[in-house]
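Colleague: Here it is: the structure, laid out below.
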Amino acid sequence: MRIAARLRALVVPMAACIAAVLASSMILLAAGADPLHALGTLVAGALGDRFALADTLIKTCPLLLTGLAVAIAFRSGVWNIGAEGQLLMGALAATAAASLVGALPAALVVPLTLAAGVAAGACWAAIAAVLKVRRNVSEVIATIMLNFVAARLVGFAVHGPLMESAARYPQSDPLPAAARLPATTDGLHMGILLALLLVPAAWFVLYRSQLGFRWRATGDNPEATRIAGLAPDHAMLAAMLVSGGLAGLAGAVEVTGLTGRLFEQFSGGQGYTAIAVALLARLHPVGVAASALFFGALAAGSGAMQRSAGVPAVFVAIVQATVILALLVADSPWLARARIKTSPAARSAEAA
Amino acid sequence: MTTPRLAVHGLAKRYGATVALAPLDLALSPGRIHGVLGENGAGKSTLVRLIAGVVGPDQGTIAIDGVTLRGGPRAARSAGIGVVHQHFALVGALTVAENLALGRPEATGAWLAPARLEAEARALASAHGLDIGDPNAPCGALPVGTLARVEILRALSARPRVLLLDEPTAVLAPAEIDELFASLRRLRDQGLLVLFVTHKLEEALGLCDAVSVLRGGGLVTTVAARATTARELAHVMVGDSSSVAGAARPPAVRPAASEPFALVVQDLATDAGVGRTALDRIGVTLAAGEICGVAGVDGNGQDEIASALAGALPRRGTVVVHGRTLAPGDVGAALDAGLALIPGDRRREGLASGLTVWENACLAAPLLARLTRTGKITWRARLDVGRARAFAADLVRSYRVRAPSLEHPIAALSGGNQQRVVIGRALATAPRVLVAVNPTRGLDIAATAHVHAMLVAAAAAGTAVLLLSTDLDELAAVSDRLVVLYRGRIAGPVAPSDRARIGALMAGLA
Amino acid sequence: MTVDAVFVLVASALALGTPLLFAALGELVSERAGVLNIGVEGVMLTGAFAGFLGCWTTGSPVVGMAAAGAAAMLLGLVLAIWVVGFDADQVVAGAALNILALGVTGVAYRAVFGVTGAALTVPTFQPLAIGGDMPWLAPFRQPLPVYAALALVPLVWVVLARTRLGLALRAVGEAPDAAASLGIRVGAMRVGAILVAALLAGIGGGCLSLAYSNTFVEGMSAGRGFIALAIVVFGRWRPLGILAGALLFGAASAGQFQLQAAGVAVSYHLLLMLPYVLTLAVLAFASGTATAPAALGRRRAE
């Protein structure tokens, strides 16, 4: 039974991906494009050569971090739609911190810069968390609002206090070299390694720590968790802080590892894509690694697809959406009921 | 013979292996108030649901004036059945007038002018002599007594031929009950058939022309109200206690004199709320190793006592567990002091249904703390999964939980096996006090017997057990002594075998 | 501020507030039935695109608007099937809707119009010439959709507060089980509410490409759907409150252009932030979500 359950846990997301690719291809067909050609160029653009692979990994990195952030929040029963804003605040704080601490010994600059990003993301999430726990404000609305506030704050910063010294474009000065993450010539930066290391860490916290146990219990049934003496409110707060911290780290890693400076429209919506990443992963950290890679490859390949097949890169969004919709069908309560009724385990347990 | 207003023929319903209603026949003429009397689980609710069209029968028919009913609640209503549900189908955010309008689409048309709704509400209320206060007040802000009258008024507004009332007086004050009865009598005199479902003997006798008594899903007898007495009815209702084998219990083990009482509760009181009964100066004292039963019909404060003691509901008064005075509203303090809870609603308060069997077995702060190195739950503490699984395996073994594996979600287990996990978990903390609410509800006979054995064993090991139950057989089987809970107050003590007196106290008599 | 500046501010508050008003009124209907549609952003975007496409094809902004509504309802149908049919989580399904709309409009735009450098333009709704040349009426010479949106405010209020349909809808959003036991078809009510909400959000989107501007750009809804969500909360689930919120948000967006033009040294980024901060403050200090429909966002199975 355990093996069957594990298998099911793999089969459902895969089926959802296949269904999504098929459905998206139909939309391509309807739009007059050749789906096979388009998908071919997409795959080549994501995995075809060294540069493609590097690009895929670079695009995977922020999705992995924000995907973990969303997975932890959702697991704990907090609908954090705010990874986007937390990422932006992380990038903003990292940019500001880098210019402040850039003159310190090199060994301190990167950790301090990343820490600033984590702290900013956590604080940004904490606003929504406190509003939820103390004032009963829906975290869905609060985090969405905070996403916009964060986007405007970044806009303000790059037009104002953080604007480049040349004052020509709405962007920050390049980060001091000491604040940049080490990277290969392909652009593969240390942040990717860091993100990968956080996967087992997140798994450990969720499944091997008291905190993770409380998170999962709270996400499943907050009332029973309260009766059990495990303070679900505190667990939700902690989950939001960790979630925001991870998203903030994603922003800090992007700015120190990839872009080197802050500008308007800094995030291409990774914080929203993260929702698809986390759901496809069934909110499991190891799954997040796989699904972030999937969406990272889509993002990397879509550029090539746009160039050579003329299909706009935004096609990836259709795949993301259909993946989520397919997963929702698989999780539909009436499907679950039908499954419980027909599963042999349930029948034997019923007979007991 | 003329066609009866309501004819029930061979009506029966089973839920799984449980017979909720054995084939039942009734033929009632208009212009009468007919009582249906029975204790909890006697089949009253099933009969109500069948007649209201909420569930369909397995066999048998219901006919109004010779026309057989088919279909759901809408069909039942258009056939002339007005229902006052025990749990009101009122929308809290809507006003009284709006709620009344919801119940009678035919009468109001598409346009709703507040002035007209208000006037109609007032007219309805005065026509039936029911005080509903301000028709423009939102229902969510009204006391339950008023809500009950609104619900009754809504049923009446459809001009039913049969008015079915399911425990309508549970939340009404005596004066309100008198008023309700007066209007029901008036309706009867106008030719309505009133079906009055209750567990309260005195009301059944005082109001009804005739009373049918249900017990264990079957119709025991139908008698004219004038030809019987409360004592007789009580006896018929609760059955002959000698037919139930009471488990022989050894006398409770008394603890050493250092700490005479495991649980002392004084002047425990809570506020009423939506769906909540107010507790009024509850006082209970339990010695270690003692099982104190609390009998009572559902909704008289069982869940409130349990939640208040466990720290999950704000309260006043004193609660002392083994010499430690508990702060109100502090779940952690109650658990630390050694108070464990078997909640009445297992799915809502007891289990995280998406988590595995072993995880649910550990879902209690004291158990979780044991699985850390420091014995405390901190943010950084590890969860020793190996020990947790071993603990769960042990629990599953000793409480004979039938589970496919420890890794299965607890939702895959049957209700009885889920309950064994909940009870095993509560007992695993070796609590000084165990508060259990209807621990065998929904379980089959074997599982019930096993749960009873678990409770008795826990008491023998020195745990003081407060058993709040609606099942008199259960209470008789395991209790050392018994009190009765009625409308948030404790009455008694009473001998566990004295069914007649228990029935009287449960019904608010004596 | 000169009189002219006030006129311009009022005029642009109305113009910028109209798409928000449509979308927020629609969202109000849906939320009163207990369905939180965070996909309203995507529905608006779809409306903007379909409106543009319809108008570009036929040359008629009215046809364009009809296309906007129709396409939006198609997207609404997806949400209805998922939320009512599959009993899917509303937040997740709504998020998927946003992403879907972004992709579909992007791909479709490229498929129909190719990659062109020049911005394509379409004929738009023209301001109605009311009141001759009386100067103080100037801000109120607005295109038809603006008046339609304003007229919708009392209409929605009447339907919700004064009709049996509205009463049933509110009952469904507050206590679906109680409503069902009274014979109200909860699922059908919710499907209807979702479709109406989608229609209005689509028309709101259509305003973006057919009244407020005369072209379509990818992602042109630019977060207005989310603002509409905020306006519903801000307006405490009441049509009049929503009108006030839409005008306030419209004025805030309009004000930044004015301040810029006037050379005021307040960053317009900070000004644009105000509505969101304001919404958060209202949520935090106006006793939480006590006025939200009780069953909002809940799945039936729970």
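Protein chains in written order, with the working numbering: chain A, 1 to 352; chain B, 1001 to 1510; chain C, 2001 to 2302. In this text, a Cβ means the ideal position worked out from N, Cα and C, and glycines have one as well.
Tell me whether Met2044(C) is buried or exposed, calling it buried when 16 or more other Cβ atoms sit within 10 Å of its Cβ.
Modeller: Here the question's residue 2044(C) lines up with position 44 in the third sequence. It is buried - the Cβ of Met2044(C) has at least 16 other Cβ atoms within 10 Å.
Colleague: For Gly1424(B), I'd like the list of residues in its chain whose CB is within less than 6 Å of its CB, leaving aside the five on either flank, ordered along the chain.
Modeller: For the purposes of this step, residue 1424(B) is taken as residue 424 along the second sequence, with counting starting at 1. For Gly1424(B), where only same-chain residues beyond five positions count, the Cβ hits under 6 Å are Leu1395 and Tyr1399.
Colleague: Strictly under 8 Å for the Cβ-Cβ distance: is Arg6(A) near chain C by that measure?
Modeller: The residue given as residue 6(A) occupies position 6 in the first sequence. Chain C, which has no Cβ nearer than 8 Å to the Cβ of Arg6(A), makes this no.
Colleague: Note down, in chain order, every chain C residue with its Cβ under 8 Å from the Cβ of His159(A).
Modeller: Locating residue 159(A) in the first sequence gives position 159, where the first residue counts as 1. The contacting residues are Ser2267 and His2269.
Colleague: Out of Ala30(A), Asp173(A), Ala46(A) and Leu65(A), point me to the one whose CA is closest to Ala250(A)'s CA.
Modeller: For the purposes of this step, residue 250(A) is identified with residue 250 of the first sequence, where counting begins at 1. Ranking the options by Cα distance to Ala250(A), first place goes to Leu65(A).
Colleague: Where DSSP assigns a beta bridge to Phe263(A), which residues make up the other side?
Modeller: If you number the first sequence from 1, residue 263(A) lands on position 263. Answer is Gln171(A).
Colleague: If we ignore side chains and look at the alpha-carbon of each, how far apart do Thr184(A) and Gly102(A) end up?
Modeller: As a position in the first sequence, residue 184(A) is number 184, starting the count at 1. As a position in the first sequence, residue 102(A) is number 102, starting the count at 1. Answer to the nearest angstrom: the Cα atoms are 22 Å apart.
Colleague: Is the beta carbon of Gly260(A) less than 8 Å from the beta carbon of Gly121(A)?
Modeller: Within the first sequence, the letter at position 260 stands for residue 260(A). Within the first sequence, the letter at position 121 stands for residue 121(A). For Gly260(A) and Gly121(A), no; Cβs fall outside 8 Å.
Colleague: Could you check where the beta strand (DSSP E) with Arg1059(B) kicks off and where it finishes?
Modeller: Here residue 1059(B) refers to the residue found at position 59 when the second sequence is read from its first residue. The sequence given here has Gln at residue 1059(B), not Arg. First-last of the beta strand (DSSP E) with Gln1059(B): Gln1059 to Ile1064.
Colleague: Do we get a CB-CB distance below 8 Å when we pair Ala217(A) with the residues of chain B?
Modeller: Counting from one through the first sequence, the residue named residue 217(A) turns up at place 217. At least one chain B Cβ lies under 8 Å of Ala217(A).
Colleague: Pick out whichever of Pro1493(B), Ala1158(B) and Leu1102(B) has its Cα sitting closest to the Cα of Arg2164(C).
Modeller: Locating residue 2164(C) in the third sequence gives position 164, counting from the first residue. With distances taken between Cα atoms, Arg2164(C) lies closest to Leu1102(B).
Colleague: Give the straight-line distance between the Cα atoms of His1452(B) and Leu1263(B), rounded to the nearest whole angstrom.
Modeller: Counting from 1 along the second sequence, the entry for residue 1452(B) is found at position 452. Counting from 1 along the second sequence, the entry for residue 1263(B) is found at position 263. If you take the alpha carbons of His1452(B) and Leu1263(B), they lie about 21 Å apart.
Colleague: Determine the DSSP secondary structure at Lys1200(B), reduced to helix, strand or coil.
Modeller: As a first step, residue 1200(B) must be located in the second sequence, where it is residue number 200. Three-state result, Lys1200(B): coil.
Colleague: Curious, which full-length beta strand (DSSP E) runs of at least 3 residues does the stretch 139-227 of chain A contain?
Modeller: You should have found no qualifying run.
Colleague: Is the stretch 103-115 of chain A touching the stretch 130-140 of chain A, taking contact as three or more C-beta pairs under 8 Å?
Modeller: Contact between the stretch 103-115 of chain A and the stretch 130-140 of chain A is absent, because fewer than three Cβ pairs lie under 8 Å.
Colleague: Can you list, in chain order, the residues of its chain with a C-beta nearer than 6 Å to that of Arg1249(B)? Leave out the 5 residues immediately preceding and following it.
Modeller: One-based indexing of the second sequence puts residue 1249(B) at position 249. Because Arg1249(B) sits at a pLDDT of 49, beneath the cut-off of 50, its placement in the model cannot be relied upon, and the following sentence gives the value as read from the coordinates. If we look at Arg1249(B) and ignore the five residues flanking it on each side, it has no Cβ neighbours.
Colleague: Should Thr1429(B) be labelled buried (16 or more other beta-carbon atoms within 10 Å of its own) or exposed?
Modeller: Indexing the second sequence from 1 puts residue 1429(B) at position 429. Thr1429(B) is buried by the Cβ-count criterion.
Colleague: Which stretch, first to last residue, makes up the beta strand (DSSP E) that contains Ser1469(B)?
Modeller: Here residue 1469(B) is taken as the residue at index 469 of the second sequence, counted from 1. It spans Ala1464 to Ser1469 - the beta strand (DSSP E) in which Ser1469(B) sits, taken as one unbroken run.
Colleague: Which residue from Gly1043(B), Leu1011(B), Gly1053(B) and Val1067(B) puts its Cα closest to that of Pro1004(B)?
Modeller: The residue labelled residue 1004(B) in the question sits at position 4 within the second sequence. Residue Val1067(B) is the option with its Cα nearest to Pro1004(B).
Colleague: How would you label Asn1300(B), buried or exposed, when you count the other beta carbons within 10 angstroms and need 16 or more for buried?
Modeller: Here residue 1300(B) refers to the residue found at position 300 when the second sequence is read from its first residue. With 16 or more other Cβ atoms within 10 Å, it is buried.
Colleague: The beta strand (DSSP E) that contains Cys1292(B), what's its start and end?
Modeller: Looking up residue 1292(B) in the second sequence gives position 292. Where Cys1292(B) is concerned, the enclosing beta strand (DSSP E) stretches over Ile1291 to Ala1295.
Colleague: Under 6 Å Cβ to Cβ from Leu2021(C), same chain only, skipping five residues before and after it: list those, please.
Modeller: The residue you call residue 2021(C) lines up with position 21 of the third sequence. Answer for Leu2021(C): Ala2149 and Ala2246, listed in chain order.
Colleague: So the candidates are Gly2192(C), Ala2193(C), Val2191(C) and Val2172(C); which of them puts its Cα closest to the Cα of Gly2183(C)?
Modeller: Reading the third sequence from its first residue, position 183 is the one you call residue 2183(C). Comparing Cα positions, the closest option is Val2172(C).
Colleague: Can you grab the Cα-Cα spacing for the pair Gly2202(C) / His189(A), in whole Å?
Modeller: Taking the third sequence and counting its residues from 1, one reaches residue 2202(C) at position 202. Taking the first sequence and counting its residues from 1, one reaches residue 189(A) at position 189. Cα-Cα distance, rounded: 43 Å.
Colleague: Where does Asp1166(B) sit, in a helix, a strand or coil, going by DSSP?
Modeller: The count along the second sequence starts at 1 and reaches residue 1166(B) at position 166. Strand, per DSSP.
Colleague: Report the CB separation of Gly1338(B) from Pro1431(B) in whole angstroms; it is logged as a contact under 8 Å.
Modeller: Taking the second sequence and counting its residues from 1, the one referred to as residue 1338(B) is at position 338. Taking the second sequence and counting its residues from 1, the one referred to as residue 1431(B) is at position 431. The Cβ separation is near 5 Å, so the contact holds.
Colleague: With Trp124(A) and Gly85(A) assumed to form a contact (beta carbons below 8 Å), what rounded beta-carbon distance in angstroms separates them?
Modeller: If you number the first sequence from 1, residue 124(A) lands on position 124. If you number the first sequence from 1, residue 85(A) lands on position 85. Indeed, because the Cβ distance is near 6 Å, the residues count as touching under 8 Å.
Colleague: CB-CB under 7 Å to Ala1333(B), same chain, minus the five flanking residues each way: which ones, in chain order?
Modeller: Residue 1333(B) sits at position 333 when you count from the first residue of the second sequence. The residues are Gly1311, Leu1326 and Ala1327.
Colleague: With DSSP as the reference, identify every bridge partner of Ala1436(B), one or two as the case may be.
Modeller: As a working note, residue 1436(B) is residue 436 in the second sequence. Note: Ala1436(B) sits in a beta bridge opposite Ile1342(B) and Leu1467(B).
Colleague: Check each residue of the stretch 73-86 of chain A: if its Cβ is closer than 8 Å to any Cβ of chain C, include it; give the result in chain order.
Modeller: Answer set for the stretch 73-86 of chain A: Trp79 and Ile81.
Colleague: Note the first and the last residue of the continuous alpha helix (DSSP H) segment covering Ala1393(B).
Modeller: For the purposes of this step, residue 1393(B) is taken as residue 393 along the second sequence, with counting starting at 1. Val1385 to Ser1398 is the span of the alpha helix (DSSP H), which, as asked, contains Ala1393(B).
Colleague: Residue ranges of each alpha helix (DSSP H) run of no fewer than 4 residues wholly in the stretch 280-336 of chain A, ordered along the chain?
Modeller: Runs of the alpha helix (DSSP H) inside the stretch 280-336 of chain A: 285-309 and 315-330.
Colleague: In chain order, what residues of the stretch 1366-1386 of chain B put their CB closer than 9 Å to some CB of chain C?
Modeller: Within the stretch 1366-1386 of chain B, no residue has a Cβ that lies closer than 9 Å to any Cβ of chain C.
Colleague: Taking the straight line between their C-alpha atoms, what separation do you get for Arg1281(B) and Glu1167(B)?
Modeller: Residue 1281(B) sits at position 281 when you count from the first residue of the second sequence. Residue 1167(B) sits at position 167 when you count from the first residue of the second sequence. Rounded to the nearest angstrom, the two C-alpha atoms are 25 Å apart.
Colleague: Please report the residue range of the alpha helix (DSSP H) in which Ala1224(B) lies.
Modeller: In the second sequence, counting from the first residue as 1, residue 1224(B) sits at position 224. Looking at the DSSP string, Ala1224(B) is not in any alpha helix (DSSP H); the run it does join, the beta strand (DSSP E), is Gly1218 to Ala1224.
Colleague: Residues of the stretch 229-263 of chain A in Cβ contact with chain B at a cutoff of 8 Å, in chain order, please.
Modeller: Those residues of the stretch 229-263 of chain A that come within reach of chain B (Cβ to Cβ, closer than 8 Å) are Gly229, Leu230, Ala231 and Ala238.
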